[in-house]
Structures are given as structure tokens and as C-alpha cells.
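Structure, as C-alpha cells:
Chains as they are written, first to last, in the numbering used here: chain P, 1 to 410; chain A, 411 to 820.
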């Protein structure tokens, strides 16, 4: 007998039948003798419909009013799920974010949770009720309704699990778990039974954004044991916990990749203090996210600077750099689009310095040229031509024996 | 410069264009130098759609969860209207029922307002903002979300106008005001410029339920000056105030009517104390509303009892009476359906005892038989055959000279 927090995303509660299906998942946990808190998102495309209405009214809808509007989405889901639970004989009560005591900073559209007044939820649990909480939303000390931004419902669930000291926080989604790589690309991709928080952070873009990085960070900070599971298929998912307990001998746990990468190179920058700072402050101010950065000194006190961006940001980036050419003092810009990033991830890497070399070796042996490299304690990222991305993933998946453990197959 | 509370119903905010139209109405009041509080209902058929979803989930949806669900409807409208106001340069802020301090009893689905904590709304008014409040909803002392039941948004508006001591409460609706009778039936029907609260209560079923009786009662108790106006057409509506200031000389102010009436007669009841009480307690317990009641003594210590009900309740009424025949000790039941109620209304009646007689005279001269009669201080109701209803209304409208004043024509 324990306390389980379950979180169901928009797809899992997309219609009345699916809400009934979720009620059965809750019932199963309850019948197993557990207390249950359920966190839900807005149904299916509800949020998109509301956003469209707002944009029809105003080109730049007020952020406070946007939060007022969007939070109705989860409020609909919590009430319907509570009804569905009653209908199968489970005593349940729904709470909006503010009713569940979800206190946030006074920032609309992207507030952070600062505290949870847990008493109300605990009282209802003590009465034997399932508590259904609206994800994604909170309230400021001034009594203003806020939203938590992208991945907000995951964060709500993890934060509630942390404050309530839940035994487990199950994130139900439309995939069955976290995979060694994307099973749609690599047929031998395998579901991982367990990954560490850090690995999960690095693998975040595997499996179509299974879990929001912010929620993973929160879980890590408060040591909340997570499990990513499918709301459609009844099978074991992937546990995310402090130290991955399985497959400790495997150095590389997964291969992440993404396409749509462009490399920008600024030629002939002055090699003086403050150059890098000027460039990246300028880009950040213009909401351009930079990923890998490589700086190389050349002759005559000059340097070249390469960095990778999403190809969608190419036009904006060139515009900003061109408009500030005088200030930045570079000689020319080179760009190369049609690139992709392929990364190997694994917390065992930190004690295995040869892993990066092995990766480069595998890629070279397969005729895949490396455009850029970046390393962290648990990840090595390479930028390659998009045409060679899938081949790179496949041969790395093979070389690091990711399809060969006793784990569940995809 | 004063304070105006404006209320817009579901039809008036039925789509994005209409919400923009409402914003212009608010702007006009604001530009005239007034402070403005706007109360809105859920958009168009939103409530029906939500109710349908709930019924799909559960045959008997939990009432608390139903309130949780339905209150999202107005929350959508307040945020969109606030955005629409911003878009035309009016500073505005939206509040849910609980944010506006609307405290209610702990009854779901049909709560009464017990207090309004007005400080938050007043602070925003003092900052020059238009405050947009969700109608129909409130919060209990325990922090539970409630709804006010039918006509709830009207009540929200009137209650806010009362507590804020507003100079006027304008109820915008889909008719242009209150008429001497239904203009769809009688072409000479005329819009009244002013009626008293009591007259409005009696005329409530004129003009497709312009204003909920509960809101009128509230307005009467707190002397809130109301005005019923069209949200589509820019013209003067009907004022509802303590003493109707116009047309004081007119004894009859309007003719109300409704069809679908059935008369039930219980023959041979024992003429003993408690008989009436037993019957009407029984009907009330079974949610059957009784309108006109006529008791007549017969020979041998017995009596007959007639009462009118809505024809929709006929089956239930017969079932209840039959199931309790032994207890009630009547001999037989007679029913007559296909009836209608026609009433003349006017606060001047109380000092004009000949009005009822005149009404009966007019009906008799036009060959209209009267099945039942009931009188109050400001109303005389008659039950007639449905086929003669419109004729009755027309000849009464004519006889009491209702089309002949200087008021605005329909």
C-alpha cells in the first residue's frame, strides 16, 4: 500500500472513451490498495482550439487572459474524469490548480511552482478519495491564475509526487517507454527498463518528447521515482531514477538524433575579450537558440567561430548578424544547412574516456564525416550530413550493442 | 460619471464577432466617462455541449463535478472579452466567480449568493480598468466552485450592482425590451419604457424569459435600477425600477400568456384538516409545480379540488395521485388538457377593484369561456382553451388600450 501519482497527457484523455479508459487505469491502482492522485492535461486539441480563438480576437492576446482561457481546458478534463470514476464506483474529487494549492511565481504563460499547499489533497486522500488535479496550472500569492508553460502537466505531477512523498510518479503517454533510439527509424531499437535522471534529460528528444526536461529536473532534485508508461497498452514502461539499476555495464544507453540543423561560421573575428559574449547575447536577445559552439584561432590575432542552430532560425540569425556586422567586426559569414545531430548518451561514459574515440571511429569506418563535436560528462554529440543521419544512428546502435541486452523489445 | 454593471447573455457572446461587438458596447459606456463592470455568460451553446459530454460519461453526473465542468464556460468568455477590450485599447481584467469574491452557500447546481467580497473588483475599478466577471458562478467558504442555477448570470450582475452601489444594471439580451405582450403574437404590442419590479416579476414569461425572476427579486430587495436592452440593436430598452415612472395612469401594463396547461380535478375529497397539505406536499416532493388552485365544497362533508399544472407533468401527476389514492381518499380524478393561461398585469390594479370584472367581461363578450381564475394584487390570471388564447390576448390588449400610449413601438 503506497501513494501513486499518475499523469495522463492530452492524447490519453482525448475523448470520452479514453477518459473512461483512464478511469480504469486509476481503478487498477486503487484496487491494488494504493492511494492515487491523478494529474491530467486538457483533452486532445482543446488547447489549440482555445489558442486559435484568442488569436482570432487579438493578434497579441494578453498573457494573463491567455492563462485564464487555457486553464479551462484541464478543468473540463478533471471534472469529466471524476465523473467517470464515480461511474465505476470510485470515490473521487477534482481540484483545479489553485484548489490543489499549486502556488507559482507571478509570471503568466510560464510560471514556476514555488510551493504546494498540500493539506487539501491530503485530507481527501485520507478520506479514501482519488484526487484528480488539473495539470499545467497554478495560482500566484495575489490570487491570479497562471500556467506552467510547456510540459507543465508533467511538472505538476512530479511536484505533487515530491511534496506528497509519493512512492511512484507514473507518466502515461502515447509511447510505451524510453527507447535506445527511435524505433520508427531503427528496427532493433529496444525499450529501456531503467534510465537515470541525467540520461533521461539527454535523451529527452527521443520517442517524440516523452517527458519534459523541466519535469525530469524537478524529479531529480526531489528524487521522485518516475515511470514512463503507455496509456493504451498494458505493459511495463521505463523507470527513471537516481541510479539506473539495470544494465550498469552498458556505457552507452541510447542514441538521440535530430535533423534540421544549420552550421553558421563567422570568419575573421577579432580575437579580443568580449567577442563571444557580444555575439551570443545578441542572438539570445533575438530568441535564437544556439547549440554546439566551436571557436578556433587563426593567424594574425583573428579567430573563426562556428555554431549550430535550428535551420528554422537561419533567416533570423543571418538578419541579426548582418545588421550588427560593424559592431561584431567579422569578415564574412559561411552557412551550411541540411545537417543533423547524432548523440550517444550514457552515465557510464564519465568513467570510460575511450567512448568518444570509439564513436568517431565507428562513424569514420562507415564513411560518415563529422562537421562538429561537443561533449558532456554523459553525452557525445556530433553534427553530420542529414543524408547520413539514419545510417549513423544504426551503426552506433549496433556498435554499442544496444539491441543485445535482455530488455523488452519494442 | 457613474458605475454601470452590464450583463451579456450567451447569445450576445455567441461567437468571436459578437464578443467584439460586446467590447464596443463596453467601450461606449467607458467613453461616456463611466466605470464599467461586465458580467458574461458562457458562449452560445457551450453549456449544452458540456452537459452532453457529462451525460455521455455518466447517466447521473455528480453535481459538484458538474459545477466544476460548467464554470469553464464563463471563464472562456471572460478571457476572450478581456482580450477583445485590450484589442480596442480598453484596459480590462477578467475575474472568475471566486476571484470576484462571489460567496455562495454550499449547494451545487443551484447555490444562492450569501456575500460578495467586493474589494478586488473595486481596486481594479479604481485603477481605471473594466472588470469582466464570470456570471453564474461562485465559491463556498470551503473553497468549492458552485453555480447559481437558472438565470444565474442575471443574478450575478444584479448582486454585483447592489454591493457596488451601481448607478444602473443593464441586462443585454436578444430582445429590445419588455413588451405589453408578445409582439410575435400581437402586432400592436408595444415596448414599455418602464415597469416596476413587481410587474416585471409577473411579466417574466413575456418576451421569451427576458430576465430571471430571481434576479428581479434581488434587484427589488436592493433597489437596483435595471434596464433590459438589446445587444444587437442600439435603442432604449425597458427600465425596471421601484415605481414605474411612466404611464402611471395605465392600470394594466401587460398581458402575459402561456400554453401547455392542464387542469386536474380531484372529486370527493374528505373535507378535513390536512387534506390540501397532504396533496400539495406529495406533489412538491415529486417536483410537480402547481399553479392555480381552486377548492370547492360539495354536499356531505366532501369537497372537489382543481389545480393547474404544466401538461408535461400530467403523467407524473396522475402516477403520484393514483399511487396514493388510499391515503388521499378521493373518489375520482378528472383531467382537462389543451388549456392556456392568460394574465393581465399592472401595479395600478390594487387600487382599481373593477379591473378583474372588466377582464371577465371582455372575455365573455368575445365568446371565451373561463376555466379557472386566480388573482393577486397586481395580476389576474384566467385559464382558457388553448384555441382561444391568442384571441383572448388580442382583445384584452385592445380593451386595456395597451397599444395606444406614446411609448416606442415594437
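All C-beta atoms, glycine included, are put in the ideal place defined by N, C-alpha and C.
This one's a predicted model, so the numbers in the text were calculated from it and none came from an experiment.
Query	Result
Would you please verify whether the beta carbon of residue 115 of chain P is less than 8 angstroms from any beta carbon of chain A?	no
Inspect the CB distances between the stretch 779–798 of chain A and the stretch 740–749 of chain A and report whether three or more fall short of 8 angstroms.	yes
By the 7 angstroms beta-carbon criterion, what residues does the stretch 480–497 of chain A contribute toward chain P?	482, 485, 486, 488, 489, 490, 492, 493, 494, 496, 497
What distance in whole Å lies between the Cβ atoms of residue 253 of chain P and residue 346 of chain P, which are believed to be in contact at a cut-off of 8 angstroms?	4 angstroms
Does residue 224 of chain P come out as helix, strand or coil in the three-state DSSP assignment?	coil
Rank A/484, A/426, A/560, A/472 by C-alpha distance to the C-alpha of residue 452 of chain A and give the top, closest one.	A/484
Tell me the DSSP secondary structure of residue 256 of chain P in three-state form.	strand
Check whether the stretch 175–189 of chain P and the stretch 3–18 of chain P touch, using three or more Cβ-Cβ pairs below 8 angstroms as the test.	no
Cα separation between residue 667 of chain A and residue 754 of chain A?	9 angstroms
With H, G and I counted as helix, E and B as strand and the rest as coil, what does DSSP make of residue 13 of chain P?	coil
Identify the contact partners of residue 19 of chain P in chain A, using a Cβ-Cβ distance below 7 angstroms as the criterion.	467
Comparing the C-beta of residue 472 of chain A with each C-beta of chain P, is any distance below 8 angstroms?	yes
How far does the beta strand (DSSP E) with residue 415 of chain A in it reach, from first residue to last?	413–418
Quick one: is the Cβ of residue 520 of chain A within less than 7 angstroms of any heavy atom of the ligand GTP?	Here there are no bound small molecules, and the ligand GTP is not part of this structure.
Residues of the stretch 90–112 of chain P with a CB closer than 7 angstroms to any CB of chain A: list them in chain order, please.	94, 99
Quick one: Cα of residue 70 of chain P to Cα of residue 476 of chain A, how far?	19 angstroms
Once the 5 residues before and after residue 212 of chain P are set aside, which same chain residues still bring their CB inside 6 angstroms of it?	151, 154
Determine the contact status of residue 146 of chain P and residue 108 of chain P, defining contact as a CB-CB distance below 8 angstroms.	yes
Inspect the beta-carbon positions of residue 705 of chain A and residue 715 of chain A and report whether they are closer than 8 angstroms.	yes
Should residue 820 of chain A be flagged as near chain P, meaning a C-beta pair shorter than 8 angstroms?	At residue 820 of chain A the pLDDT is 37, less than 50, meaning the model places this residue with poor confidence; the figure from the coordinates comes in the next sentence. No, because no Cβ of chain P sits closer than 8 angstroms to the Cβ of residue 820 of chain A.
Thinking residue 380 of chain P and residue 355 of chain P are a contact (beta carbons under 8 angstroms), I'd like their distance in whole angstroms, please.	7 angstroms
Between the alpha carbons of residue 265 of chain P and residue 291 of chain P, how many angstroms are there, rounded?	13 angstroms
Please work out which residues of its chain come closer than 6 angstroms, Cβ to Cβ, to residue 314 of chain P, disregarding the five sequence neighbours upstream and downstream, and give them in chain order.	262
Just the chain A side, please: which residues come within less than 8 angstroms of residue 54 of chain P by C-beta, in chain order?	489, 490, 493
Thinking C-alpha only, which one of A/785, A/737, A/781 is nearest residue 760 of chain A?	A/785
Which same chain residues, not among the five before or five after residue 571 of chain A, have their C-beta less than 6 angstroms away from its C-beta?	415, 579, 634
Whole angstroms is fine: what's the gap from residue 752 of chain A's alpha carbon to residue 124 of chain P's?	53 angstroms
Excluding five sequence neighbours on each side, which residues of the same chain lie with their C-beta closer than 7 angstroms to the C-beta of residue 303 of chain P?	269, 271, 295, 296, 297
When we look at the beta-carbon of residue 24 of chain P and count the other beta-carbons within 10 Å, is it buried (16 or more) or exposed?	exposed
Check distances from the C-beta atoms of the stretch 126–148 of chain P to those of chain A and list, in chain order, the residues that come in under 7 angstroms.	143
Pull up the DSSP beta-bridge partners for residue 270 of chain P, would you.	P/302
How about residue 37 of chain P: is its C-beta nearer than 8 angstroms to some C-beta of chain A?	no
Within 10 angstroms of the Cβ of residue 402 of chain P, are there 16 or more other Cβ atoms? Answer buried if so, exposed if not.	buried
I want to see whether chain P comes within less than 8 angstroms of residue 696 of chain A, judged by CB atoms only; does it?	no
In whole angstroms, give me the CA-to-CA distance for residue 231 of chain P and residue 18 of chain P.	9 angstroms
Determine the chain P residues that contact residue 426 of chain A at a beta-carbon separation under 8 angstroms, and present them in chain order.	53, 56, 57
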